[in-house]
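Read the structure below first, then the notes.
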Amino acid sequence: MIHDASRSTLPLHLEADLCIIGSGPGGGMVARVAAEVGWNVLLLEAGGFIPPESMTQREEEMIPQLLWAGGARASADHGVLIHQGRGLGGSSLHNLNLCKRIPAPILAAWQRSRGLEHLPPEMWATLYAEVEARLSVSAVPRDQWNRHNQLLEKGCNALGWRGGGLRHNRTGCVGSGFCELGCAFDAKNNVPKVLLPPAIEDGLRIATRTQAVEVLHADGKVEGVFAVALDPATGRPLGEVHVRAPRVCLAASATGSAALLLRSNLGHQEGGVGRTLHLHPAVLAAGDFDEPVLAWKGIPQTYECTQFLDFDSGATPTAPGTRTWIVPAFAHPMATATLVPGFGTPHRALMERYAHLAVLTAMVHDTTAGRVSARSEYEVRIDYTPNADDRRELAHGLVACARLLFAAGARRVFIPTDPLITLQAGEPLPAPEHLRITPDRCRLSAVHPMGTIPMGDDPAQAAVDSRGRHHEIDGLWVADGSLFPSSIGVPPQLSIYALGLHVGRSIIAAG
Amino acid sequence: MTAAATALIPDTPGGTWPAGPTPLEIARNADRYLMALPPALLREVRGLLLFLEHGTWLTFHWPRFTRLTPAAAAAHLQRLHARGGTQRLIANGIRDLCMSAWYQDPRTWPALGYEGPLVVLPANVARRADGLPSRPGRYDHLIARQPLESIPAPTKAISR
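The listed protein sequences correspond, in order, to chains E and H.
When the letters of the first sequence are read in order and numbered with my numbering, they come out as residues 1 to 511.
When the letters of the second sequence are read in order and numbered with my numbering, they come out as residues 1001 to 1160.
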């Protein structure tokens, strides 16, 4: 059952066969697998349970509940805004349902560099097939592509660039367009809808409003978890929660899981926990069209431009314009207003074009290694400054977005750098090398943190093996995007569900 | 916040711009948002507001920020922004707070052509402790009626 720990008498002392920290795709899948075989499983989630009936489609109400730090989590230099999901279901509550597999060259490169005896590419294929079936993944029918996505397709076709439709995990979608604020119509085939109800029937216990602080261990063995119950109104700690468990699985995201290990003195010198953060940094450009685009209506992302994502030349291609993925990205008024530069009358003039704007985002398959550290008992610090190669790729992506928007019919294009760049149709585009990607001049965003506890079968190289099992601490497991040994260049949710399935079964097999 | 909002979002614009929240309402909206931020972020926001209030001399304005005219306050923010680096981030931070607080108000939406959410709730809908609506739903049977209780006697005490 789902319990709100803030309503319990504190301190709370609990026991379980397995304690899972984090209820996103990784933790949710581990919980499903372990509950299925009858284990006493306790799932801890820092956020609340937000059923569809509580989703209001209002930004000011939903964002503080669905995202860490009220949506204001950022790198330490404020150069990258990092959206990470909170609430029962983690990022599966607010994500846009994109389902893509990790490209084969990346899996092959991991195999070569990290071993991964327990997770060869052919096993990924099997896991993906099973996850896709469980989540009812399918291509979004063309008649459900909104005008915003049709414009990206039009731009790709006009330029002869590669592109295509996307696959999603949604059923019964009414196309309200509020996916990033949680689905009030319960159309997302996500953790709370697909995985948790049957797991609860099998006995799963969930403690919401419970934030793990530290993994407790002694003599090379896991003993449990120290956590705190959080006040629903303020998010402040109310009291202690002690969980005694012989097995603990971290699934608190690439930032949360790494911070937990570090806070638990399990930094692993060689494996470098927290030192290899990738997050697919992204830039965006907006096109102003004569026609109303009404981009907030309908499914947000159904078409992709893959012209500049070239995995055929390797897992991490080096030529400019080979690591960039372009999709539509639109926001509701509050978030849009923070992305539009300036203030006063000029800002208002741009906002008045809201209904006529199309926005494209260029997301980079990054080589930068950022860093996650524990900021306090409850917070994380994220240091991430794109390296020169990634800055070049981001600048290239901005220009590519502008070309697509003009090719689709935009009469002007805005590149929201400081100062704002406004380009008129027919005007020469800026050269990528003239665009300055610095924290104060070009705000980046990221929604895919990964790679902070990269798996590897050699204990000298990695903290956890390719089953997600910690090399040094018996009973400690990891099951989220932390495990990726590099950036993956595609949205990660499907792969994190797959890892959850793989790690969950490995935990059961280990007994 | 009210002084910044007055400077950044003039409430008597020309054209068809409708009435929106007052500067005080903007400040209240911002307050509600800030209430749930983690302590480290709140410390940064506090520092930002202190710098804003007392850092006017950096742009050769002698009164503190809240005593500047809206035009002078806007000019101060513009200059901070133009200097780049941390000062630009501070100007952007206060701007983001004001813009978020302005555009969350439905009175500002008609000028954008935005109709708002499809979900329409009765004004008197019951609210949970986190502020979200509390309504009967299809997952109610999964919610425990009783709070989670401690095990009677832990088999072995664990400590940090």
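In this text, a Cβ means the ideal position worked out from N, Cα and C, and glycines have one as well.
Within chain H, partners of residue i - CB distance below 9 Å
{"i": "E:M29", "result": "None at all; the shortest Cβ gap to chain H is about 18 Å."}
{"i": "E:S8", "result": "P1147, L1148, E1149, S1150"}
When the options are compared against residue i, the one with the closest alpha-carbon
{"i": "E:L266", "options": "E:V215, E:S6, E:A233", "result": "E:V215"}
{"i": "H:P1117", "options": "H:R1127, H:H1081, H:Q1104", "result": "H:Q1104"}
{"i": "E:A199", "options": "E:L14, E:V490, E:E36, E:S506", "result": "E:E36"}
{"i": "E:P105", "options": "E:A129, E:L14, E:L476, E:D310", "result": "E:D310"}
{"i": "E:C401", "options": "E:Q307, E:A335, E:V490", "result": "E:Q307"}
{"i": "E:A252", "options": "E:A388, E:R381, E:A158, E:G85", "result": "E:G85"}
{"i": "E:Q424", "options": "E:A431, E:G22, E:P328, E:V413", "result": "E:V413"}
{"i": "E:P300", "options": "E:G274, E:L279, E:R323, E:P328", "result": "E:P328"}
{"i": "E:E60", "options": "E:S176, E:L181, E:S487", "result": "E:L181"}
{"i": "E:W296", "options": "E:Q57, E:I2, E:H470", "result": "E:Q57"}
{"i": "E:A369", "options": "E:N387, E:V380, E:R381", "result": "E:N387"}
{"i": "E:I437", "options": "E:L420, E:T452, E:A16, E:L18", "result": "E:L420"}
{"i": "E:T302", "options": "E:S487, E:E45, E:V503, E:E153", "result": "E:E153"}
{"i": "E:M1", "options": "E:A207, E:C179, E:Q150, E:V80", "result": "E:A207"}
{"i": "E:E433", "options": "E:H396, E:A337, E:L261", "result": "E:H396"}
Same chain, Cβ closer than 7 Å to residue i, neighbours up to 5 away in sequence not counted
{"i": "E:P120", "result": "Q111"}
{"i": "H:H1061", "result": "L1068, A1072, H1076"}
{"i": "H:L1034", "result": "L1042, V1045"}
{"i": "E:R516", "result": "One cannot answer for residue 516 of chain E here, as it falls past the ends of chain E, which runs 1 to 511."}
{"i": "E:V131", "result": "L494, Y497, A498, L501"}
Residue i to residue j span [Cα, whole Å]
{"i": "H:A1144", "j": "E:G70", "result": "27 Å"}
{"i": "E:V225", "j": "E:S264", "result": "10 Å"}
{"i": "E:A463", "j": "E:D474", "result": "12 Å"}
{"i": "E:T385", "j": "H:R1088", "result": "18 Å"}
{"i": "E:R441", "j": "E:P341", "result": "10 Å"}
{"i": "H:S1150", "j": "E:S445", "result": "42 Å"}
{"i": "E:G38", "j": "H:E1044", "result": "47 Å"}
{"i": "E:S138", "j": "E:L96", "result": "14 Å"}
{"i": "H:T1086", "j": "H:L1052", "result": "12 Å"}
{"i": "H:D1130", "j": "E:R7", "result": "13 Å"}
{"i": "E:F330", "j": "E:V359", "result": "6 Å"}
{"i": "E:H592", "j": "E:A184", "result": "Since the displayed chain E opens at 1 and closes at 511, residue 592 of chain E lies outside it and no answer follows."}
{"i": "H:V1119", "j": "E:L166", "result": "27 Å"}
{"i": "H:R1138", "j": "E:C99", "result": "26 Å"}
{"i": "E:A374", "j": "E:A76", "result": "12 Å"}
{"i": "E:I415", "j": "E:V283", "result": "9 Å"}
{"i": "H:H1141", "j": "E:P197", "result": "9 Å"}
{"i": "E:S176", "j": "E:G220", "result": "51 Å"}
{"i": "E:E15", "j": "E:L277", "result": "33 Å"}
{"i": "E:V372", "j": "E:G24", "result": "19 Å"}
Contacting residues, own chain, Cβ-Cβ under 6 Å from residue i (five flanking each side not counted)
{"i": "E:N190", "result": "G89, S92"}
{"i": "E:A31", "result": "I20, V41, L43, A199, L204"}
{"i": "E:C173", "result": "A187"}
{"i": "E:G344", "result": "none"}
{"i": "H:A1027", "result": "M1001, T1002"}
Environment of residue i [buried if 16+ CB atoms lie within 10 Å]
{"i": "H:P1039", "result": "exposed"}
{"i": "E:L67", "result": "buried"}
{"i": "E:A392", "result": "The displayed chain sequence assigns Arg, not Ala, to residue 392 of chain E. The residue in question, E:R392, is buried, as its Cβ has 16 or more Cβ neighbours within 10 Å."}
{"i": "E:N146", "result": "buried"}
{"i": "H:G1014", "result": "Because the pLDDT of H:G1014 is 48, which lies under 50, any placement of that residue in the model is unreliable, and the question is left without a value."}
{"i": "E:V194", "result": "buried"}
{"i": "E:Q211", "result": "buried"}
{"i": "E:R469", "result": "buried"}
Interface partners of residue i on chain E, CB under 9 Å
{"i": "H:N1029", "result": "E60"}
{"i": "H:P1136", "result": "E53"}
8 Å Cβ shell around residue i - same chain, five flanking residues per side excluded
{"i": "E:Q466", "result": "The question names Gln, yet the displayed sequence has Ser at residue 466 of chain E. Excluding residues within five positions, the ones whose Cβ falls inside 8 Å are R114, G115, L116, E117, H118, L119, M455, G456, D457."}
{"i": "E:R142", "result": "G165"}
Interface residues of chain E facing residue i [CB-CB closer than 8 Å]
{"i": "H:A1074", "result": "F343, G344"}
{"i": "H:P1133", "result": "E53, S54, T56"}
Listed by chain order, chain H residues near residue i by CB distance under 7 Å
{"i": "E:D440", "result": "G1084, G1085, R1088, L1089"}
{"i": "E:D418", "result": "R1088"}
Within chain H, the residues that residue i reaches when beta carbons sit closer than 8 Å
{"i": "E:I200", "result": "L1142"}
Interface residues of chain E facing residue i [CB-CB closer than 7 Å]
{"i": "H:R1095", "result": "F343"}
{"i": "H:L1024", "result": "Ordered by position in chain E, no residue passes the 7 Å Cβ test against H:L1024, which lies about 17 Å from the chain."}
{"i": "H:L1041", "result": "A69, A72"}
{"i": "H:L1008", "result": "F343, G344"}
For the segment 173 to 192 of chain E, enumerate the residues whose C-beta is nearer than 9 Å to any C-beta of chain A, in chain order.
Any reference to chain A falls outside this structure, whose protein chains are E and H.
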